[in-house]
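S.K.: As you go down the protein sequences, you meet chains A and B in turn.
All the letters of the first sequence, read from the start, carry residue numbers 34 to 385 under my numbering.
All the letters of the second sequence, read from the start, carry residue numbers 38 to 335 under my numbering.
Using N, Cα and C, we set each Cβ at its ideal position, and we do this for glycine too.
Below is one structure. I have some questions about it.
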Amino acid sequence: MFYREAGQFKTSYQADNQIFPIRQDRIGIAVVLIAAFVAVPGLATDYAFSAIFIPFLIFSLAALGLNILTGYAGQLSLGSAAFMAVGAFASYNFVLRIPGIPVLLAFVLGGLSAAMVGIAFGLPSLRIRGFYLAAATLATQFFVVWCLTKIQWFTNYSSSGVITAQEMVILGMAINTPVKKYLLTLTVVCVMAMLAKNMVRSNVGRSWMAVRDMDVAAEVIGFRLMRTKLLAFAVSSFYCGIAGALYAYAYLGTVEPEAYNLDLSFRILFMIIIGGVGSILGSFLGSAFIILLPIVLNLIAHGLSLPTNVASNLELMVFGALIIFFLIVEPHGLARLWQITKEKLRLWPFPH
Amino acid sequence: MSFFFEVFIGGLLSGVMYALVALGFVLIYKASGVFNFAQGAMVFFAALTCVGLTEKFELSLWLAIPLTMLVMVALGLAIERVVLRPLVNQPEITLFMATIGLTFFIEGLAQLLWGSQPHKLTLPIEDVPIEYFMEKFNILVSQFDVIAALICALLVTGLALLFSKTKIGRALRAVADDHQAALAVGIPLQQIWGIVWAVAGFVALVAGLLWGARNGVQFALTFVALKALPVLILGGFTSVPGAIVGGLIIGASEKLAEVYIGPLVGGGIEGWFPYVLALLFLLVRPEGLFGEKIIRRI
């Protein structure tokens, strides 16, 4: 009843090719965007910004990056946190060493650095695949964090190995309150999500999906494997790099290389699994889920007044159990649930 | 030169320990095609349960070990029943993710049951240098390491025989090849998976006891799984001898690299050196040293 596209005719190729061809979707996206840009900054508290909204957006972006690599191009990676680290530390160094560089340009350069590292560590994917590749990407994870810890130039010789993100100034305006940081992050994420959505619908995305589904076949019908795979690694690392820079600049403020550890990589992997592998929307849903779950569990544990160590162990267990539960009940993630809901809504309230 | 050999032999012997953990991975991968990330958590769980039993109920070690064995078998069967059975015939990555979920669950469970403080585990094997090597070659070789290596060798022989000579072993390999085809020819999939996970639980127990006696039973034990991964890559995911050889290579080269290359680049390279080594190796042989050659068709 609410979601019925009967009567919406497309009379031009342009109309047929738009990102959201159904009017209800366009309205929905507009509502979400207005809520995110107008309602949330007006209503939310500073705590909500720094504990929920900003990390949610940043992790969505990282999940988006991994989803491009794993979900669309089919290359399993456990090193996303390493690419985030490269992005963050490269941005830090660009801001530090090039006086007067715009912060956003530094982010882009940081992302490009991450993309370069991504290409370097993506090279093995031409020879190996599946779990071998997953285990090999762990090399990225450990190597990058080690490099950033050991080579002190990256942390500007700070004795503790911790960097403090410089103040962000964009067009003469200092981004120093949670609301401003939120809006900056939101803008970046919106732009990049839009780009990703378009990328996966274009011939680039199609070639990724062809490689994912059967790389030998894709090669036979003329896709250049090397270019496609390395491009996936580059784009994915670029997204992760930007997310990492935002993680340092808009979320934590001060950050050490160890913050980008294997745990973070796993959390991003969980986001795309729970959200939905091979889905842009899924990256957001998964990120929201993984961010909110510990908060909700903590509230429950607090309500039951459990001791903290019991609570934290229970949190681990619930976390693990939920992942398994999701995989069993809905291996395609939350995005698929949303899709099913939409299909049901087309007919609702009529049975057929 | 004797220093070199000391490092080398120490590396080989610690490689045996890696191999032991890698063995648990290989077992499950070989028999069910599941890349079991939870093996490290299982090692932790086994060691902690064993120590917990001796400490809380003041049981002797000889009673605690079989009891832990029972717990591990029960855990294995439960995993098969609750996690794997509903996931039959899902893509490999889904199964892999499920084992990561399992890792969290087991880690939480272990610490919920037995507390999260580190424990000391004493096995009746002393960690003293063997005098014979000391006098003859002037090399420090720990008795503990040698006995651990022997236990490992015994375990591997047993497993190799199980896989190649018995009916169960054949069924295991059939299941690994193709779940559905195995089901179709009447191999009881559930039973086979139950057995495999129980055996993997047993291997985890042995690894947990040896590692626990070495480094204490604490959360860091779960990270031995990460040490086992390069071993797997190097040796091939499907090969029991591969796990051993891979373990030895990784163990020895890691220690040598730490001692001889480490100081040049600032130390602490043990964390990533095995991975990079394994990665370089993969570029030459993408299926690992003893892994099955993957033939792909369209």
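Is the segment 237–247 of chain B touching the segment 105–125 of chain B in the sense that three or more CB pairs, one from each, lie closer than 8 Å?
M.R.: With the cut-off at 8 Å, the segment 105–125 of chain B and the segment 237–247 of chain B touch.
S.K.: According to DSSP, is A/V202 part of a helix, a strand, or is it coil?
M.R.: Three-state result, A/V202: strand.
S.K.: Considering only DSSP beta bridges, list what A/I196 is partnered with.
M.R.: According to DSSP, which records beta bridges pairwise, A/I196 is partnered with A/V288.
S.K.: Can you name the residues of chain B whose CB is closer than 7 Å to the CB of A/N342?
M.R.: Chain B residues near A/N342: S153.
S.K.: With a threshold of 9 Å between beta-carbons, can B/I137 be considered close to chain A, or not?
M.R.: Taking Cβ atoms only, chain A reaches closer than 9 Å to B/I137, which makes this a yes.
S.K.: Would you say A/V249 reaches chain B, if we count a Cβ-Cβ gap shorter than 9 Å as a contact?
M.R.: True, the Cβ-Cβ gap to chain B drops below 9 Å.
S.K.: Which residues does DSSP pair with A/T207 in a beta bridge?
M.R.: Going by the sequence as given, residue 207 of chain A is Ala instead of Thr. Note: A/A207 sits in a beta bridge opposite A/V202.
S.K.: Helix or strand or just coil, what does DSSP make of B/V222?
M.R.: Coil, per DSSP.
S.K.: State the DSSP-derived secondary structure class of B/P166, mapped to helix, strand or coil.
M.R.: Strand at B/P166.
S.K.: Helix, strand or coil for B/V302 per DSSP?
M.R.: In this structure, B/V302 counts as helix in the three-state DSSP scheme.
S.K.: Between the alpha carbons of A/L70 and A/M117, how many angstroms are there, rounded?
M.R.: The residue you asked about is not Leu; residue 70 of chain A is Phe in the sequence shown. Using only the alpha carbons, I get a separation of about 25 Å.
S.K.: What in chain B is Cβ-close to A/N126, meaning under 9 Å?
M.R.: The premise fails here: A/N126 is roughly 19 Å from chain B at the closest Cβ pair, so nothing lies under 9 Å.
S.K.: Return yes when the Cβ of B/L226 is within less than 9 Å of the Cβ of B/V125, no when it is not.
M.R.: Yes, they are a contact pair.
S.K.: For A/D246, count neighbouring Cβ atoms within 10 angstroms of its own Cβ and tell me buried if that reaches 16, exposed if not.
M.R.: Exposed.
S.K.: Please tell me whether B/L112 and B/G284 are closer than 9 Å, where the distance is taken between their beta carbons.
M.R.: No. Outside cutoff.
S.K.: Using a Cβ-Cβ cutoff of 7 Å, what residues of the segment 307–322 of chain A are near chain B? List them in chain order.
M.R.: Listed by position, the residues of the segment 307–322 of chain A near chain B (Cβ gap below 7 Å) amount to none.
S.K.: At what residues does the alpha helix (DSSP H) containing B/R207 begin and finish?
M.R.: K204 to D214 is the span of the alpha helix (DSSP H), which, as asked, contains B/R207.
S.K.: Compare the C-beta of A/P54 with all C-beta atoms of chain B and state if any pair is closer than 9 Å.
M.R.: Chain B, which has no Cβ nearer than 9 Å to the Cβ of A/P54, makes this no.
S.K.: Is any beta-carbon of chain A found at less than 9 Å from that of B/P300?
M.R.: Cβ-Cβ to chain A under 9 Å: no for B/P300.
S.K.: Listing by chain order, which chain B residues have their CB less than 7 Å from the CB of A/M227?
M.R.: Residues of chain B passing the Cβ test: none, with the nearest at roughly 28 Å.
S.K.: Chain A beta carbons: is any one of them nearer than 9 Å to that of B/M134?
M.R.: Yes, its Cβ sits closer than 9 Å to a Cβ of chain A.
S.K.: Hey, would you say B/I270 sits closer than 9 Å to B/A315, going by beta carbons?
M.R.: Contact flag set, yes.
S.K.: In the DSSP assignment, what are the bridge partners of B/V254?
M.R.: DSSP lists B/H156 as partners of B/V254.
S.K.: Smallest Cα separation from B/L326: which of B/L301, B/Y297, B/A294 and B/F274?
M.R.: Checking every option, the nearest Cα to that of B/L326 belongs to B/F274.
S.K.: For B/S179, name the three-state secondary structure that DSSP assigns.
M.R.: If DSSP states are grouped into helix, strand and coil, B/S179 belongs with the strands.
S.K.: Should B/G223 be labelled buried (16 or more other beta-carbon atoms within 10 Å of its own) or exposed?
M.R.: Result: exposed.
S.K.: Counting beta carbon pairs with one atom in the segment 327–343 of chain A and one in the segment 354–366 of chain A, are three or more of them shorter than 8 Å?
M.R.: Flag = no, the segment 354–366 of chain A and the segment 327–343 of chain A do not touch.
S.K.: DSSP state of A/G133, grouped into three classes?
M.R.: Coil at A/G133, not helix or strand.
S.K.: Relative to the C-alpha of A/Y284, which candidate in A/A81, A/A72 and A/F53 has its C-alpha closest?
M.R.: That would be A/A81, whose Cα lies nearest to the Cα of A/Y284.
S.K.: Helix, strand or coil for A/F280 per DSSP?
M.R.: Position check: residue 280 of chain A holds Tyr in this sequence, whereas Phe was assumed. Helix at A/Y280.
S.K.: Mind checking which residues open and close the alpha helix (DSSP H) that includes A/Q386?
M.R.: Residue 386 of chain A cannot be examined here, being either before or after the span of chain A that is shown, 34 to 385.
S.K.: Could you tell me the distance, in whole angstroms, from the CA atom of B/G206 to the CA atom of A/W179?
M.R.: So the two alpha carbons sit approximately 42 Å from each other.
S.K.: If contacts are defined as beta-carbon pairs under 8 Å, then B/V58 and B/V80 qualify, I think. What distance do you get, rounded to the angstrom?
M.R.: Confirmed, about 6 Å.
S.K.: Note down, in chain order, all residues in the segment 71–94 of chain B with a beta-carbon under 7 Å from any beta-carbon belonging to chain A.
M.R.: The segment 71–94 of chain B vs chain A, Cβ under 7 Å: F72.
S.K.: Any idea what DSSP makes of A/K43, helix, strand or coil?
M.R.: It is coil, neither helix nor strand.
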